[in-house]
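To start, the structure under review is shown below, and the notes come after it.
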Amino acid sequence: MINLFRDEEPMDLGKARQLLDYLSRRSVSFEMPTVRAYRRMSEAERDLFNERRLQFIANAIVSTSAITDFWKMVWDASIDNYGKPWGRQGVLISGPSTSGKTSACVAVMTSMLRRVSRGFPEWRECGYLPILYIRAPKYATPRGLLLAIAAALGLEPGGRASLEDLSVMVAPVMADVRVRLVIVDEVHRMSADNVNSVTTADLLKAITDEIPATFVFSGIGIESSGLLAGALGQQLVGRNSRQIMRLFSDSGPSERQAWADVVASVVANGCLFGESDVDAARLYNRTKGSLGAVAHVLNTAAKRLIMSGIRPEEEVLTDDLLEAISVPLGVEDDSPLPLDDPMVTAQPNPKQRTTRGRGHDSAHSRSTRPS
Ligand SMILES: Nc1ncnc2c1ncn2[C@@H]1O[C@H](COP(=O)(O)OP(=O)(O)O)[C@@H](O)[C@H]1O
Ligand SMILES: [Mg+2]
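Under our numbering, think of the first position of the sequence shown as 1, with each following residue one higher.
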């Protein structure tokens, strides 16, 4: 029996040590045993293996062309920023809810930690915290954001610390522990067009000036939000390259291929023994090209098969099984997508694998733009 209540390592990505442990442990591929080897496992071994499969599925990230482009921007900015005392570059990543922004950030942090570890394997022994991930607190003021950064660093500034106290405390620690990449996610939560957005833009610019790290700001529609309005915001825009997360399109053969490839990659990450022949076009119809939605359907189906304990060769994603899993709210049945961004369509990643190529039927040649 799979044990869903095993003691787990704590995993608050907003605490740098836990984040770095998580990123170091994160596997980007999963080795499947042969069916024979699986059969030979004791019941306890099999349960453990199945728990590992479920864990992998829950953390798997498919490398799309958007993620590759985003990583390149972050890496290029890091190189540009190296040794540069002012005018450092940052990266903005923007897109609708569930378009894969946080997943892309996790993929980029994983790649960055690999690079750091290759260049300086002793970072851990030295007590360095090369990457911070901060979720902007809701309605955060600059002080709230600095408190989140302090918490990520393991500092306890006390409830009364002023903005000034916090800046004085945080900046030198960030330099000491050699923070090189800071991801501020959910930036839209602090960017409502209110008085704070002026000071928030001010703070963001000030910390990016002060800290010799590369900053990534991630959020819904941030390029058009209040945060980046005004002179300071515009200065931030000018300093940042931008990655927009898009829905996949079905408007041409290369777009359809890119979708089929991404579906095949999600299927492969399902770690099943059976060979699944998934109808990518049908899934496009249901999910409207949302990677988040298709990952939900395919991953849920894979997890159900694993939990069901059926024979390994029968672990196959069938149309019936997929059909029984509902697409997350707001995506299926022509209901409006939960979008805050102008909808743009994804570029194919030529390096990905393929899936059943039924071609897309005319019923879903509709535009992927929101009505
Ligand atoms: N590249 C990807 N590979 C696999 N799954 C993904 C990918 N991008 C998004 N997902 C799935 O979609 C869900 C929503 O993605 P997330 O990164 O949280 O979106 P956002 O931060 O834009 O709201 C995730 O839980 C994940 O299951
Ligand atoms: Mg997110």
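Ideal Cβ placement from N, Cα and C applies to all residues, glycine included. Just so it is clear, the structure is predicted and the values come from calculations on it, not from any experiment.
Original post:
Apart from the five residues on each side of it in sequence, which residues of its chain come closer than 6 Å, Cβ to Cβ, to residue 71?
Top reply: As a working note, residue 71 is residue 71 in the sequence shown. Taken in chain order, the residues that qualify are 108 and 111.
- Query: Comparing the CB of residue 102 with every heavy atom of ligand 2, is any distance shorter than 7 Å?
  - Reply: Looking up residue 102 in the sequence shown gives position 102. Under cutoff, so the answer is yes.
Hey, quick one: how far does the alpha helix (DSSP H) through residue 184 stretch, first residue to last? As a working mapping, residue 184 is identified with position 184 in the sequence shown. For residue 184, no alpha helix (DSSP H) run applies; the uninterrupted beta strand (DSSP E) run containing it begins and ends at 181-185, by DSSP.
(Q) On the CB-based measure, 16 or more other CB atoms within 10 Å of its CB, does residue 57 come out buried or exposed? (A) On the sequence shown, position 57 is the one that residue 57 refers to. It counts as buried.
The stretch 284-298 touching the stretch 86-101, judged by at least three CB pairs closer than 8 Å
With a cut-off of 8 Å, the stretch 86-101 and the stretch 284-298 count as touching, because enough Cβ pairs lie within range.
Cβ atoms of residue 94 and residue 222: under 8 Å apart, would you say?
For this step, residue 222 is matched to residue 222 along the sequence shown. For this step, residue 94 is matched to residue 94 along the sequence shown. Closer than 8 Å, so yes.
task = State buried or exposed for residue 159, treating a residue as buried only when at least 16 other CB atoms are found within 10 Å of its CB.
result = Your numbering for residue 159 matches position 159 in the sequence shown. Exposed, since its Cβ has fewer than 16 Cβ neighbours within 10 Å.
Worksheet item: According to DSSP, which residues form a beta bridge with residue 134?
Response: Translated into the one-based positions of the sequence shown, residue 134 becomes position 134. Beta-bridge annotation (DSSP): residue 134 is paired with 184.
| message | Assess contact between the stretch 271-284 and the stretch 23-42, defined as three or more Cβ pairs (one per stretch) separated by less than 8 Å. Is contact present? | response | Touching, yes, given that three or more Cβ pairs across the two stretches are closer than 8 Å.
(message) Please determine whether the Cβ atom of residue 185 lies at a distance below 7 Å from any heavy atom of ligand 2.
(response) The sequence position of residue 185 within the sequence shown is 185, counting from 1. At least one heavy atom of ligand 2 is nearer than 7 Å to the Cβ of residue 185, so yes.
Counting only the same chain and skipping the five closest in sequence on each side, list residues whose C-beta sits under 8 Å from that of residue 81.
-> Working through the sequence shown from its first residue, we reach residue 81 at position 81. So the list reads 88, 89, 212, 213 and 214, once near-sequence residues are dropped.
Do residue 327 and residue 287 have their C-beta atoms closer together than 8 Å?
Position 327 of the sequence shown holds residue 327. Position 287 of the sequence shown holds residue 287. Cβ atoms of residue 327 and residue 287: closer than 8 Å.
Q) How would you call residue 105, buried or exposed, if buried means at least 16 neighbouring beta carbons within 10 angstroms? A) Translated into the one-based positions of the sequence shown, residue 105 becomes position 105. It is buried - the Cβ of residue 105 has at least 16 other Cβ atoms within 10 Å.
- Task: Report yes or no: do three or more beta-carbon pairs, one from the stretch 137-154 and one from the stretch 163-178, lie closer than 8 Å?
- Result: Enough Cβ pairs lie closer than 8 Å, so yes.
What is the DSSP secondary structure of residue 92, reduced to helix, strand or coil?
Residue 92 sits at position 92 when you count from the first residue of the sequence shown. If DSSP states are grouped into helix, strand and coil, residue 92 belongs with the strands.
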